[in-house]
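A.B. asks: Sharing a structure with you now.
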Amino acid sequence: MEVDNAKLDFAVRLAEQRKKAGMTQEELAKKIGKPQSTISRIETGEMNPTIELIIEISIGLDKQLSVEFK
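Throughout the sequence shown, residue numbering follows the UniProt record's numbering, covering 1 to 70 in sequence.
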């Protein structure tokens, strides 16, 4: 179940950061060259994004990506 919690946490954080940046799903998707459905599927937990896609999203949001192990 920890994997499900991590996926949900990522989905929530992505939506928060996107909204904080004042972007719609469509705008973020266009900026990274992906369909809007990709952002929607990640934010709803339907899709497991690759690390490459996560990096593209962070660049699209003008955010630095950091990974932390606790």
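Even for Gly, the Cβ is constructed at its ideal location relative to N, Cα and C.
1) Between which two residues does the alpha helix (DSSP H) holding Phe10 run?
2) Straight-line CA distance for Val41 to Glu68?
3) Could you tell me which whole alpha helix (DSSP H) segments of length 4 or greater appear in the stretch 30-55?
4) Mapping the DSSP letters down to three states, classify Glu68 as helix, strand or coil.
5) Could you check what DSSP says for Leu61 in three-state terms: helix, strand or coil?
C.D. replies: So, to answer that:
1) Stepping through the sequence shown from its first residue, residue 10 is reached at position 10. Taken as a continuous stretch (DSSP letters only), the alpha helix (DSSP H) holding Phe10 covers Glu2 to Lys20.
2) As a first step, residue 41 must be located in the sequence shown, where it is residue number 41. As a first step, residue 68 must be located in the sequence shown, where it is residue number 68. The sequence shown places Arg at residue 41, not Val. Approximately 24 Å, taken between the alpha carbons.
3) 36-43
4) To locate residue 68, count along the sequence shown from 1; it is residue 68. It is coil, neither helix nor strand.
5) Numbered from 1 along the sequence shown, position 61 holds the residue referred to as residue 61. It is coil, neither helix nor strand.
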